[in-house]
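Numbering-wise, UniProt numbering puts 69 at position 69 of the sequence shown, and it's gapless, one number per residue.
Notes follow the structure.
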Amino acid sequence: MASTLTYDGVDVNASRVAWEVDEKISELEALGTKVTRFSVLGYSLGGVIARYLVGLLHSRSPSFFEAHRPVSFTTVACPHLGIPAYNSYFSTALIFLGSRLLARTGSQLYVRDRYSDEDPRPLLEIMADPTKVFHKALDQFKHVQVFANGTRDFTVPYPSAAIEDSDPFIEWEAQGLVVESNESGLVESWRYPDDQEALKMTQSKKSGWTNPMDKLPPVLKDRFRYNPALLIVFPIAMPVILVLMIFRLSMDSRRSSNRIALLKTPKSLEGATPNRHGWSIEHLRDTIGRFEQSMETDLIEEADPPGQMRRRSRRSSAPHRPPNGSAKTRPTQMDGPEKLELPSQRVQFTPAQQNMLRGLRRIKIDRFVTWYPDIGNSHAVSICRDPKNKPVHNKGRGLLKVWAESLIRDDAEE
1 MASTLTYDGV DVNASRVAWE VDEKISELEA LGTKVTRFSV LGYSLGGVIA RYLVGLLHSR
61 SPSFFEAHRP VSFTTVACPH LGIPAYNSYF STALIFLGSR LLARTGSQLY VRDRYSDEDP
121 RPLLEIMADP TKVFHKALDQ FKHVQVFANG TRDFTVPYPS AAIEDSDPFI EWEAQGLVVE
181 SNESGLVESW RYPDDQEALK MTQSKKSGWT NPMDKLPPVL KDRFRYNPAL LIVFPIAMPV
241 ILVLMIFRLS MDSRRSSNRI ALLKTPKSLE GATPNRHGWS IEHLRDTIGR FEQSMETDLI
301 EEADPPGQMR RRSRRSSAPH RPPNGSAKTR PTQMDGPEKL ELPSQRVQFT PAQQNMLRGL
361 RRIKIDRFVT WYPDIGNSHA VSICRDPKNK PVHNKGRGLL KVWAESLIRD DAEE
């Protein structure tokens with residue numbers, strides 16, 4: 001799937017992936033290989049697309065999962081809750097531009113869309129609704145795990161990737177957070193400093209000297225021999241780069257709008273026939289709607305007798321705990337004469353995102369937090385995107401190894 005098609009929307013892209021899944025299964029079975037199990041790995045936006053995908057597959061009659069047992073569902077740095085806002089001007093500007101420049105996908109990610117006239121909620125909120133097929137499909141998987149970057153992910157904030165209601169790692173240095181990670185780059189434990197450690201930190205901050213170079217972007221710090229030229233060119237080049245980026249995104253958004261205009265027609269691009277271009281938007285809604293109507297009918301027919309307690313979901317969640325970390329609450333005030341700085345930035349969820357959080361927490365999820373405090377942007381590193389040209393991306397191999405080992409365990413258990 002071409003990168004420019006990303007802007008067409010989560011649902012449309014999921015229908016394209018569904019076609020690819022069917023094509024690949026047909027190809028394998030034509031070679032004599034029977035596909036009996038199904039696992040998913042989604043990175044970044046791909047994780048949200050994967051959640052819609054499994055809902056689309058489950059809505060078939062019979063369900064795709066009757067013939068292909070759902071085993072493992074994994075996401076890496078995925079915006080499950082969309083892109084939440086922080087109390088900063090930069091975050092406000094990013095949401096304003098992103099929801100407009102990234103076409104239909106942007107409005108969905110920034111929770112500014114309306115799913116339909118019948119259900120005006122944002123798509124991501126609907127996908128997290130426990131009564132909808134997307135949530136029920138995700139609940140079919142034996143193992144659901146999410147990997148979130150604890151720090152320096154400037155694309156997908158930690159709370160959205162980890163499905164958490166707060167960001168304990170924001171401004172972690174100012175808070176004096178003590179983080180222990182393993183050789184795979186995953187957080188094993190974290191805690192706030194005790195009183196003595198906090199006192200030492202505040203004293204060192206008062207007496208210490210801060211290097212102004214630390215505040216520069218990584219490219220201006222790491223390659224010293226180019227720094228003088230970069231420092232001169234940067235004020236001129238940066239506005240030009242921003243203008244070019246906005247122009248490119250605007251053009252891609254316009255092309256996407258033209259494609260979406262076709263997909264809004266029920267008979268467009270073969271409408272209900274699976275194809276590489278994606279189903280029409282109306283047909284996608286009808287497919288999900290028919291499944292939900294059928295499910296409601298089944299529930300009425302199989303309703304429990306009065307007074308009998310309904311059986312709880314097999315994945316009812318346990319009490320929530322901080323991911324891979326200490327359950328110790330951050331002290332609001334130190335016992336000594338000094339206290340650490342409180343984070344100046346705080347995540348601000350919309351009511352829709354709060355509903356997503358409540359819905360997704362009803363699914364049993366294994367959370368893993370990566371820790372790359374010494375790199376510029378952890379988003380690409382976590383998936384080891386380009387280790388050939390960017391050796392620092394090799395740090396992400398630890399995450400991939402953990403994921404691969406989990407698949408091997410799942411296979412052995414089967």
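Note that beta-carbon positions come from the ideal geometry of N, C-alpha and C, so glycine has one too.
- If you draw a straight line from the Cα of residue 407 to the Cα of residue 235, it comes to about 48 Å.
- Annotation for residue 20: no beta strand (DSSP E) segment contains it, though the alpha helix (DSSP H) segment containing it runs 10-30.
- For residue 175, the uninterrupted alpha helix (DSSP H) run begins and ends at 172-175, by DSSP.
- Residue 410 sits in a helix when the DSSP states are folded into three classes.
- Within the DSSP bridge table, the entry for residue 43 names 76 as partners.
- Here the alpha carbons of residue 383 and residue 41 stand approximately 11 Å from one another.
- Counting the other Cβ atoms within 10 Å of the Cβ of residue 61 gives fewer than 16, which makes it exposed.
- Take residue 145, set aside five residues on each side of it, and the residues of its chain with a beta-carbon closer than 6 Å to its own are 74, 366, in chain order.
- Boundaries of the alpha helix (DSSP H) around residue 108: 103-109.
- Between residue 166 and residue 347 a beta carbon distance of about 7 Å is seen, short of the 8 Å cut, so the two are scored as contacting.
- Short of 7 Å from the beta carbon of residue 129, and not among the five residues preceding or following it, lie these beta carbons of its own chain, in chain order: 135, 359.
- Rounded to the nearest whole angstrom, the CA to CA distance from residue 181 to residue 150 is 11 Å.
- With 16 or more other CB atoms across the displayed protein chains lying within 10 angstroms of its CB, residue 105 is buried.
- Residue pairing for residue 180: DSSP places it in a beta bridge opposite 189.
- Assigned with DSSP and collapsed to three states, residue 68 falls in coil, not helix or strand.
- Of all alpha-carbon atoms in 10, 245, 377, 23, the one lying nearest the alpha-carbon of residue 50 is that of 10.
- Annotation: residue 17 to residue 394 spans about 28 Å, alpha carbon to alpha carbon.
- For residue 134, the enclosing alpha helix (DSSP H) begins and ends at 133-138.
- About 6 Å separates the beta carbons of residue 371 and residue 179, which is inside the 8 Å limit, making them a contact pair.
- Taking a 10 Å sphere around the C-beta of residue 196, we find fewer than 16 other C-beta atoms and assign the residue as exposed.
- With contacts defined by Cβ atoms closer than 8 Å, residue 98 and residue 78 do not form a contacting pair.
- Put simply, the backbone Cα of residue 345 is about 45 Å away from that of residue 68.
- Counting every other CB atom within 10 Å of its CB across the protein chains shown gives residue 245 a total below 16, marking it as exposed.
- The beta carbon of residue 392 lies closer than 8 Å to those of 375, 381 in the same chain, with the five residues before and after it left out.
- Rounded to whole angstroms, the gap between the alpha carbons of residue 385 and residue 400 is 11 Å.
- Closest in alpha carbon position to residue 80, among 13, 364, 357, 369, is 357.
- Note that the C-beta distance between residue 141 and residue 76 is not below 8 Å.
- In the assembly as shown, residue 189 is an exposed residue. Its beta-carbon has fewer than 16 other beta-carbons within 10 Å.
- CA-to-CA, the gap between residue 239 and residue 233 works out to about 11 Å.
- Note on geometry: alpha-carbon atoms of residue 164 and residue 158 lie some 8 Å from one another.
- Residue 84 is not a Cβ neighbour of residue 354, given a cutoff of 8 Å.
- Beta-carbon to beta-carbon, residue 94 and residue 108 are separated by about 16 Å, too far to satisfy the 8 Å threshold.
- The secondary-structure analysis by DSSP pairs residue 366 across a beta bridge with 145.
- Per DSSP, the unbroken alpha helix (DSSP H) holding residue 359 starts and ends at 351-360.
- If the five residues before and after residue 138 are omitted, its C-beta is found closer than 7 Å to the C-beta atoms of 51, 54, 73, 144, 363, all from its own chain and listed in chain order.
- In the three-state DSSP reduction, residue 385 falls in the coil class, being neither helix nor strand.
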